Each structure stands twice: as structure tokens, then as C-alpha cells.
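Chemist:
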């Protein structure tokens, strides 16, 4: 069993860390205040191959493994988890285009997705269906020209910002088998957006409701086959859970690094606070938890890459463990900064706010427990 990264993986990780430090971290607080991310950033990331991380090389993507991708998202999250998570959403959409799209769909959208000239958002959640995603109500009715959509999607990162949306809509009966995936381009007739959501964290990502009022799209904007949309959505969740866990991991590492530096400079009672044994123990506890989380995450990614039969269970366990560990670590880092940690200028309180949502999206951590326990019971039988 070899836990070492390959030379190529180390190079990918180093490249992402360097890019984030130079091009994202210096602007993270300003982007949070403005509530948006300059679109020029995406073309710069695309030049590194980060617009189609796990799109196949045959389709023009980077063809990375899910383990490779976790290295990228962890590295970028050291600079800003909100930006890294936004990139993860686009990459999930690009992978869906590659894996499920017809040749015509790929010709129209995939190259532009990889270059991020066309930035994608993902629309599954609705005001009345979150964890119970198969209960979605948005409907895509067949017409002579294509489809007409009616409904509303909620909590959409990139709503009103992105260039295109992969939308899960009902084309058939109730239940998972009646859901299809369609592509709605910005500017489509009947497409509109709610007001900008005032969120606790991830404030650099513009988040709005996406509304369809007799929204018309051509028939060729169907992604894959009718009735297979829910299966497509579920197929991407294991990887999405790894990505969001990686974002927690990177932010926690950044907070711990910053805290170590701060404790060496901050003095109390005549010495730097890193010389107090009680605080040293807290540093050690955070490092232990962080390293355990990293190993757990990479093992789950390895299982997903190798097609292990328990990959879904391990992805759920890793998502639950790593996101909760990340939140605990950044909270402790804020505490060790004292009053300064509560100030926006230090960036620690932003990480506390940003990471809180990681326990909710890509399946709540309560759903992760359900997945794990049900598989345990099935294995017992």
C-alpha cells in the first residue's frame, strides 16, 4: 500500500496551490464583499486544464482521476473554498456533458465548457425538494419545437451569472424514472431569476432562484435520454461529495497554517502563545484530525476510481467526517486567534462561515449517515 502521491499528482497540486496563492487569495475578501467572481478567472483556470478536470482526454478534457481532482480542490480551497466549490459545480456539469451528452450536445457545449467560455450551473434542488430530490416538481412538457419548462429551482450557485444550466425536470410520471436532464442557456425565453440570496457563507458565489415560466428550449437540448436524468444526477454525487470534502480540507489546512504563524507572533504573559502547553495540545489535536481526514478522503477517492463495491459508502463517510472535521478545525483556529479571529481582515471568520454549508449540500450529513447505515444493514443480511 503506497500512500505517496505520484510526481504528476504532486505537480498538479503544486500548480493549483501556486495559482490560488497568486490569483485567488489576494482577492477573496473583495470578491466576498462584491458578491461575485470575475469571469476572467475561469478562463485563466481553464488554461491550466481545470475547466474539464475529469472530462476524458478524447473529448479535450484533462482526464484526471477523482483522486487527482480532490488535490485540485483542496489546493484551491486554501485560497478560497467558495471559489473552489463553484469550480467543482461547473466541472460536474462538464463531466455530465461528456458522459451522457449526444454528439450534437457535445459539439455545441463541451468545448466551450472545457474552456469555460460557457460557465455551467446545476439545477436540482427546489423550494419543496432538497434531500428528497426525486420529488421535484419542475416540469418539461414536450412540444413540436422541443420542451416548455415550468417551475422553480432554489439555492442555485451561479443563478443569473452562469451561461448555461443543466436542469433536472419532470418529463414523465412521479418518481425518479420521470426525471430528465435538459440544458437551458442564459437568455432563453421564459428564464428568469430571483433576488440575490443573502447567505451566511459562500458569499462570492451569486446564488438565486432559477425560474422557468413557459421557458422554451429546443429538443436537442435534452441531455442523454428522457427519463434518465435522476440517474445522471445520482451518478455525479459520489464525486461531488469528495470535492466538497476536499474544499473543507483545504480551508482547514489554510486556517491551521495561519494559526501556527499567528501563535508564534502573538505574545501573552511574556511569551508567544505557542509556548503554552494547553494550546500546543490543541494544535496537535487539529493536526491529527486534519491528517486523518485527508487519508480518509483519499481512500474514498481511490475506491471511487477503482470501482470498489463499497465506494458510495466510503464517499458518504468521507463527506460526513471531513466536512465536520474541517468546520471544527476552522472554529478552533478562530478561537486561538482570540478577538482578531472575529475580524474580517484576518480571513478566519470567513472560513468558518464558508465551511458551514458543506455539511448541508451534496446530500446533508444526515443523509450520509443514512447511506452508511443502510449499507451496513444490507451487508449484514
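Residue numbers (the working numbering): 1356 to 1736.
Yeah, the Cβ is synthetic: ideal placement off N, Cα and C, and Gly gets one too.
The model shown is predicted, which means the values in this text are computed figures rather than measured ones.
Would you mind reading off the limits of the alpha helix (DSSP H) that contains residue 1701?
Modeler: Neither: residue 1701 is in no alpha helix (DSSP H) and is coded neither H nor E.
Chemist: Can you confirm whether the stretch 1689-1703 touches the stretch 1420-1429 when touching is taken to mean that 3 or more C-beta pairs between the two stretches lie within less than 8 Å?
Modeler: No: fewer than three Cβ pairs fall under 8 Å.
Chemist: With distances taken between CB atoms, is the gap from residue 1684 to residue 1607 smaller than 7 Å?
Modeler: Yes.
Chemist: So residue 1675 is in the alpha helix (DSSP H); what residue range does that whole segment cover?
Modeler: Its alpha helix (DSSP H) spans residues 1666-1691.
Chemist: Can you check the stretch 1449-1532 for any beta strand (DSSP E) of at least 3 residues that lies completely inside it and give the ranges in chain order?
Modeler: Correct list: 1475-1478, 1494-1497, 1501-1512, 1519-1525.
Chemist: Using the rule of at least 16 other Cβ atoms within 10 Å of the residue's Cβ for burial, across every protein chain shown, is residue 1732 buried or exposed?
Modeler: By the neighbour-count rule (16 or more Cβ atoms within 10 Å), residue 1732 is not buried but exposed.
Chemist: Residues in the same chain with beta-carbon distance under 6 Å from residue 1518, minus the five sequence neighbours each way, listed in chain order, please.
Modeler: Same-chain partners within the cutoff: 1473, 1474, 1541.
Chemist: According to the Cβ coordinates, are residue 1511 and residue 1435 closer than 7 Å?
Modeler: Cβ distance not < 7 Å, so residue 1511 and residue 1435 don't count as in contact.
Chemist: Based on DSSP bridge pairs, tell me the residues matched to residue 1432.
Modeler: Note: residue 1432 sits in no beta bridge, so no partner.
Chemist: Any idea what DSSP makes of residue 1719, helix, strand or coil?
Modeler: The answer is coil: DSSP assigns residue 1719 none of H, G, I, E or B.
Chemist: Where do the N-terminal and C-terminal ends of the beta strand (DSSP E) with residue 1562 fall, by residue?
Modeler: 1562-1573 is the extent of the beta strand (DSSP E) around residue 1562.
Chemist: Give me the Cβ distance between residue 1648 and residue 1658, rounded to the nearest whole Å; I'm assuming they're in contact under 8 Å.
Modeler: Not quite, the Cβ-Cβ distance comes to about 16 Å (not below 8 Å), so this is no contact.
Chemist: Compute the Euclidean distance between the alpha carbons of residue 1707 and residue 1439, then round it to the nearest angstrom.
Modeler: Rounded to whole angstroms, residue 1707 to residue 1439 spans 16 Å at the Cα level.
Chemist: Does any heavy atom of the ligand SAH sit closer than 6 Å to the C-beta of residue 1614?
Modeler: Questions concerning the ligand SAH fall outside what the structure shown contains, since it holds no ligand whatsoever.
Chemist: Could you tell me which of 1505, 1491, 1561, 1476 sits nearest to residue 1528, measuring between CA atoms?
Modeler: Selected option, being the one with the closest Cα: 1491.
Chemist: Is the beta carbon of residue 1723 less than 7 Å from the beta carbon of residue 1675?
Modeler: Yes.
Chemist: Classify residue 1534 as helix, strand or coil using the three-state DSSP reduction.
Modeler: Residue state, collapsed to three classes: strand.
Chemist: Who are the near neighbours of residue 1635 in its chain, counting only those whose CB is closer than 8 Å to its CB and skipping five residues on each side?
Modeler: If we look at residue 1635 and ignore the five residues flanking it on each side, its Cβ neighbours are 1629.
Chemist: Rounded C-beta distance between residue 1452 and residue 1400? I'm assuming under 8 Å.
Modeler: Incorrect: roughly 18 Å between the Cβ atoms, too far for contact.
Chemist: Determine, using beta-carbon pairs with one atom in the stretch 1544-1563 and one in the stretch 1574-1582, whether at least three such pairs fall under 8 Å.
Modeler: Contact between the stretch 1544-1563 and the stretch 1574-1582 is absent, because fewer than three Cβ pairs lie under 8 Å.
Chemist: Secondary structure at residue 1410, three-state DSSP: helix, strand or coil?
Modeler: In this structure, residue 1410 counts as coil in the three-state DSSP scheme.
Chemist: Per DSSP, what kind of secondary structure is residue 1804 in: helix, strand or coil?
Modeler: The requested residue 1804 is not part of the displayed model; the chain covers only 1356 to 1736.
Chemist: Would you report the Cα separation of residue 1381 and residue 1588, rounded to the nearest angstrom?
Modeler: Residue 1381 and residue 1588: Cα-Cα distance of roughly 35 Å.
Chemist: If you run the structure through DSSP and keep just helix, strand and coil, what is residue 1615?
Modeler: Here residue 1615 sits in helix by DSSP.
Chemist: Taking Cβ positions, are residue 1670 and residue 1597 nearer each other than 7 Å?
Modeler: In this structure, residue 1597 lies closer than 7 Å to residue 1670 by Cβ.
Chemist: Among the residues of its own chain, which have a CB less than 6 Å from the CB of residue 1564, if the five just before and after it don't count?
Modeler: Cβ neighbours of residue 1564 beyond the five flanking positions: 1507, 1509, 1549.
Chemist: Could you pull the start and end residues of the beta strand (DSSP E) that residue 1547 belongs to?
Modeler: Its beta strand (DSSP E) spans residues 1546-1548.
Chemist: Is it right to say residue 1673 is buried, meaning 16 or more other beta carbons lie within 10 angstroms of its own, or is it exposed?
Modeler: It counts as buried.
Chemist: Pull up the CB-CB distance for residue 1567 and residue 1523, whole angstroms please, since I reckon it's below 8 Å.
Modeler: So it is not a contact: roughly 12 Å between Cβ atoms.
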